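Chemist:
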C-alpha cells in the first residue's frame, strides 16, 4: 500500500517505481491506483480496453468469479513488466466504493491468486476506506516530498495512523514506513526519536525521458535498496 501524504502522484512516482522494482526482481506485480483522478495511464500503457471502471462495475453487480474478472481487466506494460488496471473513466467510480466492495477488490487480486505483489496507491484520505486498506496491507509506505508543508502533513498523518491503531486494534509499527523524497535543499526535519514510525529518505526522481524508471538511476536504486533492507 502506498499513501501519498501530498495527495497526488503527479510529481512523485514512488508507487509506480516501486511496482517496476518489484517486477524487475522477477515478481509478478499488479499496480492499482485508487485515486479519484487516476494517473495510472500516464505511467503505464497496454492494449486492454478494460480496466478499473469495468472491475468496479463487476463488484457493484456482485458478479461471481471476481478473480477471473480482475484478470480480464488488467493489462501488461511491456516497458516495465508491470501488470496494471487502467484508470477509471469517472471519479465517482472510486468515490462510490464502499468497504465491502474494496475488500472484494483486494481479495480478488491478492497474492493468493495470480500475483506475487499487489501495489495499491492512493492519496491519503482519512475516510471509511482507510482502515480496510491499512488492515489488509502487508507493508504501508507513506510518501511525501521534503517541503516543510509536506512534512507538516506527514506529522498529522502519523497522528491519524496512531489513532487508527487504537480505534481498530491494528499494529502498524512494523508495517508502516514514511518515505521522504528530497527535492529541495535545507529540508525540514522529522525527529525519529519522537516519530514512532520508521523514516527513510530518497533522492529526488528525474522525469526527463522517464528516467525515474531507469534501473541505473539513483531514485530507482534508492527504492530498490529500501525494499531489500526492509525485507519486502
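Numbering (this note's numbering), first residue to last: 5 to 236. Even for Gly, the Cβ is constructed at its ideal location relative to N, Cα and C. Since we're looking at a predicted model, the values are computed, not measured.
1. Among 30, 61 and 148, which one has its Cα closest to the Cα of residue 87?
2. Do the stretch 135-151 and the stretch 177-186 touch if we need at least three Cβ pairs shorter than 8 angstroms?
3. Does the Cβ of residue 18 have 16 or more other Cβ atoms within 10 Å, making it buried, or fewer, making it exposed?
4. Just mark residue 126 as buried or exposed, buried being the case when its beta carbon has 16 or more other beta carbons within 10 Å.
5. Hey, would you say residue 165 sits closer than 9 angstroms to residue 133, going by beta carbons?
6. Just to confirm the assignment, what range does the beta strand (DSSP E) spanning residue 206 have?
7. Between the C-alpha atoms of residue 74 and residue 112, what's the straight-line distance to the nearest angstrom?
8. What number of angstroms, rounded off, separates the C-alpha of residue 53 from the C-alpha of residue 91?
9. Would you be able to state if there are at least three C-beta pairs under 8 angstroms between the stretch 32-48 and the stretch 118-125?
10. Can you say whether residue 20 is buried or exposed, counting buried as having 16 or more other CB atoms within 10 angstroms of its CB?
11. Quick check on this structure: which residue in 120, 77, 57 and 81 has the alpha carbon closest to the alpha carbon of residue 100?
12. Three-state secondary structure (DSSP) at residue 136?
13. Do you know whose CA, among 104, 119, 13 and 169, lies nearest residue 130's CA?
14. Considering just the uninterrupted stretch of the beta strand (DSSP E) at residue 126, what are its terminal residues?
15. Between which residues of its own chain and residue 81 is the CB-CB distance below 7 angstroms, once the five residues before and five after are set aside?
16. Can you tell which of 15, 33 and 68 has its C-alpha closest to the C-alpha of residue 46?
Modeler: In terms of the structure at hand:
1. In the chain shown, the residue the question calls residue 87 occupies position 83. Taking only the C-alpha atoms, the option nearest residue 87 is 30.
2. Yes, the stretch 135-151 touches the stretch 177-186.
3. By one-based count along the chain shown, residue 18 stands at place 14. The residue in question, residue 18, is buried, as its Cβ has 16 or more Cβ neighbours within 10 Å.
4. For this step, residue 126 is matched to residue 122 along the chain shown. Flag for residue 126 reads buried.
5. Here residue 165 is taken as the residue at index 161 of the chain shown, counted from 1. Here residue 133 is taken as the residue at index 129 of the chain shown, counted from 1. Result no, Cβ atoms of residue 165 and residue 133 do not sit closer than 9 angstroms.
6. Counting from one through the chain shown, the residue named residue 206 turns up at place 202. Residue 206: member of the beta strand (DSSP E) spanning 202-207, first to last residue.
7. As a working note, residue 74 is residue 70 in the chain shown. As a working note, residue 112 is residue 108 in the chain shown. Taking the straight line from one Cα to the other gives about 7 angstroms.
8. Here residue 53 refers to the residue found at position 49 of the chain shown. Here residue 91 refers to the residue found at position 87 of the chain shown. Residue 53 and residue 91 have their C-alpha atoms some 11 angstroms from each other.
9. In short, these stretches touch, since the Cβ pair count reaches three.
10. Position 16 of the chain shown, counting from 1, holds the residue named residue 20. Buried, because 16 or more other Cβ atoms sit within 10 Å of the Cβ of residue 20.
11. Stepping through the chain shown from its first residue, residue 100 is reached at position 96. It is 57 whose Cα lies nearest to the Cα of residue 100.
12. Reading the chain shown from its first residue, position 132 is the one you call residue 136. Residue state, collapsed to three classes: helix.
13. By 1-based counting over the chain shown, the position of residue 130 is 126. By alpha-carbon distance to residue 130, the top candidate from 104, 119, 13 and 169 is 169.
14. Against the chain shown, residue 126 aligns to sequence position 122. Where residue 126 is concerned, the enclosing beta strand (DSSP E) stretches over 121-127.
15. Locating residue 81 in the chain shown gives position 77, counting from the first residue. Cβ-Cβ distances below 7 angstroms link residue 81 to 48, 49, 50 and 88 in the same chain, with the five nearest sequence neighbours on each side left out; the list follows chain order.
16. Indexing the chain shown from 1 puts residue 46 at position 42. Relative to the Cα of residue 46, the nearest Cα in the group 15, 33 and 68 belongs to 15.
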